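Each residue of the sequence shown is one higher than the one before, counting from -9 in this note's numbering.
Note that beta-carbon positions come from the ideal geometry of N, C-alpha and C, so glycine has one too.
Note that the coordinates shown come from a computational prediction; the quantities given were computed from them, not determined experimentally.
Heads up, the thing below is written out as structure tokens.
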Amino acid sequence: MNEVLAKKIDSLPPLPKTVIDLEEFKKSSNKDLDTLLAIIEQDPLIVATLLKVANSAMFGFNNKVETASRAVNLLGVNFTLSIAFGSAIKNAFATDLAAYSISADGFLRLANMTSNLVSAWLGRVDGELKEELLLPAFLLETGRFVLSSLAADNGKSEEFYTKLKQNPLDISKIELEYFNATSTQVTASIFQHWNLSDNLVNIIKYTDDIENCPGKYLKEASVLNVAKTICNVTDPISDDFVEVGIELSNKYKLDTKFLEKACEKMQDRLLDE
-9 MNEVLAKKID SLPPLPKTVI DLEEFKKSSN KDLDTLLAII EQDPLIVATL
41 LKVANSAMFG FNNKVETASR AVNLLGVNFT LSIAFGSAIK NAFATDLAAY
91 SISADGFLRL ANMTSNLVSA WLGRVDGELK EELLLPAFLL ETGRFVLSSL
141 AADNGKSEEF YTKLKQNPLD ISKIELEYFN ATSTQVTASI FQHWNLSDNL
191 VNIIKYTDDI ENCPGKYLKE ASVLNVAKTI CNVTDPISDD FVEVGIELSN
241 KYKLDTKFLE KACEKMQDRL LDE
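Put into structure tokens, the structure is as follows:
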């Protein structure tokens, strides 16, 4: 990681109070939904995001979700935490991702897709792993805010995106070329800077570096690598990226049968958007 990038991370503002409260709730043995709801309702922007995501085609609820309480009860603790974390962190950066040609809301949409894919895939395979990975799947690409800001500082946003669009399967290599770090490595550094859990930091840190991933985090990082590949920022869950993701799943010796079904389900939901 280059010095300029490291300084950008070090200069980030402190975590918003809501995120601190959410992190404490996450660490607590008490996962009472009313306690979670009380934290979320402190921040109207998180409530608005929660309702928007709950009413998106990704979840496909039959009736419109109109209250935060209803959303929390339908989504459950870990999905709610993921959306709340993502919303609060997005608002903390207060910028778009021009280098990736998406808005801040586009970031949340892609994060929502990635965590939903992980949920639909692992829900039939390993429920415990699914719950563990919902949050890192949602927050995986937070580092793109910092990289996009750095590209803008250097007048490289358009050049970077052009190269990314031409080589969408090489996003991590292009990030390394321009910034000497991948977005997931930057995400891990941001969360380490903010003193979030070591487990969250390390799972994300090795998502783009499977070959060097310690065995303790290998399965988790491999799942996220597959999900990230399929939910490519240029054309998420398209047939081409699904095909590559399935090849990676086979390579990593992960379940492929339910991954294929999850991708089909997600593609159907996208048609309803």
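Nearest to Gly76 by CA position, among Ala89, Ala61, Leu100, Arg60, is which residue?
Of the listed residues, the one whose Cα sits closest to Gly76 is Leu100.
Short of 6 Å in beta carbon distance, which residues of its chain neighbour Cys253, apart from the five on each side in sequence? Order them along the chain.
Closer than 6 Å at the Cβ level, and outside the excluded window around Cys253, lie Val232.
Check for me: the alpha helix (DSSP H) holding Trp111 runs from which residue to which?
For Trp111, the enclosing alpha helix (DSSP H) covers residues 94 to 112.
Anticipated Cβ contact below 8 Å, Tyr168 with Lys146, distance rounded:
That belief holds up - the Cβ atoms of Tyr168 and Lys146 are roughly 7 Å apart, short of 8 Å.
Top-ranked residue by Cα proximity to Leu2, from Gln182, Phe15, Ser187:
Ranking Gln182, Phe15, Ser187 by Cα distance to Leu2 puts Gln182 first.
Check whether the Cβ atoms of Val9 and Ile79 lie closer than 9 Å to each other.
In contact: Val9 and Ile79 (Cβ atoms closer than 9 Å).
Is it true that the CB of Pro158 sits closer than 9 Å to the CB of Asn240?
Contact check for Asn240 against Pro158 fails: the beta carbons are separated by 9 Å or more.
Enumerated in chain order, which unbroken segments of the alpha helix (DSSP H) with a length of 4 residues or greater are wholly contained in the stretch 168 to 255?
Those alpha helix (DSSP H) runs which fall completely within the stretch 168 to 255 and span 4+ residues are 173 to 183, 188 to 195, 208 to 220, 229 to 241.
What is the DSSP secondary structure of Leu87, counted as helix, strand or coil?
In the three-state DSSP reduction, Leu87 falls in the strand class (E or B).
Does the stretch 209 to 229 come close enough to the stretch 57 to 74 to have 3 or more Cβ pairs within less than 8 Å?
At 8 Å Cβ cutoff, the stretches do not touch.
So for Phe49, helix, strand or coil by DSSP?
Correct three-state label for Phe49: coil.
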